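For the sequence shown, the tail end lands on 1515 under the working numbering, and the numbers increase by one without skipping. Backbone N, C-alpha and C fix where the C-beta goes; we use that ideal spot for every residue, glycine too. Remember, it's a predicted structure, so these values are computed and weren't measured experimentally.
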Amino acid sequence: MADLEGKKILVIQTHGVDTPTRTYSPIYYAVAAAAMEMEVMIWFTMNGTNQLKKGEAEKVSLVPESGVTLRSMLDMALDNEVQLRVCQQSLTLWNMVPDDLIDGVQILGATSIIDLALSYDHVMYF
1390 MADLEGKKIL VIQTHGVDTP TRTYSPIYYA VAAAAMEMEV MIWFTMNGTN
1440 QLKKGEAEKV SLVPESGVTL RSMLDMALDN EVQLRVCQQS LTLWNMVPDD
1490 LIDGVQILGA TSIIDLALSY DHVMYF
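Rendered as structure tokens:
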């Protein structure tokens, strides 16, 4: 296996709570990359933004009896030092303000994604 320690991966998440089957994989892959000692950031934009609204991710579960919610996946990402970032313009699209966000999320402007994509080793888009 290649030495991935110190490599950087950017995961762009565009799907939100209305499409739960498309929300888990990006977070799962991000946590896996973090476990491989990679620096990982998930950039939430478009519909992906709504999963960061307080109270929303708790409502999403792929397998209800499992007890695993989208919120527990986001918490797992934060616990593994995955950086969660959200596009400021997407907050406006969803009529959200910074106080609406779960803890641990940083807001960045839309142009930041260009700089990030150019500086990371790999970009995954969902």
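CA-to-CA distance, residue j to residue i, given in whole angstroms
i	j	result
residue 1424	residue 1477	28 angstroms
residue 1448	residue 1459	8 angstroms
residue 1465	residue 1420	7 angstroms
residue 1500	residue 1507	12 angstroms
residue 1512	residue 1399	5 angstroms
residue 1452	residue 1413	11 angstroms
Close Cβ partners of residue i (< 6 angstroms) along its chain, the five nearest in sequence each way excluded
i	result
residue 1438	1475, 1479, 1483
residue 1446	1440, 1459, 1460, 1463
residue 1514	1401
residue 1397	1428, 1509, 1510
Simplified DSSP state of residue i, which is helix, strand or coil
i	result
residue 1448	helix
residue 1496	strand
residue 1393	coil
residue 1413	helix
Nearest residue (CA-CA) to residue i, options the options
i	options	result
residue 1431	1395, 1487, 1404, 1488	1404
residue 1395	1493, 1444, 1427	1427
residue 1470	1508, 1494, 1489, 1393	1494
residue 1417	1443, 1444, 1468, 1392	1468
residue 1491	1454, 1442, 1455	1442
residue 1473	1504, 1486, 1497	1497
In DSSP terms, what residue i is bridged to
i	result
residue 1519	In the structure displayed, the chain extends from 1390 to 1515; residue 1519 sits before or after that span and is not available.
Neighbourhood of residue i by C-beta, 7 angstroms cutoff - its chain only, sequence neighbours within 5 removed
i	result
residue 1489	1442, 1443
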